[in-house]
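Peer 1: Supplied in structure tokens, the structure appears directly below.
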Amino acid sequence: VAELQMLLEEEIPSGKRALRESYQNVILVADYCKNNYIQAADKRRALEETKACTTQSLASVAYQISALANNVLQLLDIQASQLWRMSSSINHISHTVDISHTVGLLWLTELS
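Residue numbers (the numbering used here): 295 to 406.
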């Protein structure tokens, strides 16, 4: 339960914030690269810098997506486990009720 709460209250919201920040950073990098290329005397060097910045920015976004996806999968695993335990408990209660009902019917039959 503590792990579920930590994922819901901390890890997943933090991952979403980090992904939004990475998105904003990609926009800033794109603007920088565009302006750098336009103003550069050496277009080939500016293009290489653009490739490097783009690679780094996209790697950061990919990492953020992966981290967030892992947290969501962990959340789903925990919830699936909880649902399985609840289902097991419900089945146990159902069997107990069936047994009680059967015993009650047998008792009523004996009284008749």
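C-beta: ideal position from N, C-alpha, C; glycine also.
Counting pairs of Cβ atoms below 8 Å between the region 367-377 and the region 295-303, do you hit three or more?
Peer 2: Cβ pair count under 8 Å is three or more, so yes.
Peer 1: What are the boundary residues of the alpha helix (DSSP H) that LEU301 is part of?
Peer 2: Segment: none, LEU301 is in no alpha helix (DSSP H) and carries neither H nor E.
Peer 1: Cα separation between TYR326 and SER383?
Peer 2: The alpha-carbon atoms of TYR326 and SER383 are separated by roughly 58 Å.
Peer 1: Determine the extent of the alpha helix (DSSP H) in which ASP371 is found, giving its start and end residues.
Peer 2: It spans 337-405 - the alpha helix (DSSP H) in which ASP371 sits, taken as one unbroken run.
Peer 1: Do you know offhand how far ILE393's Cα is from ASN385's?
Peer 2: Rounded to the nearest angstrom, the two C-alpha atoms are 12 Å apart.
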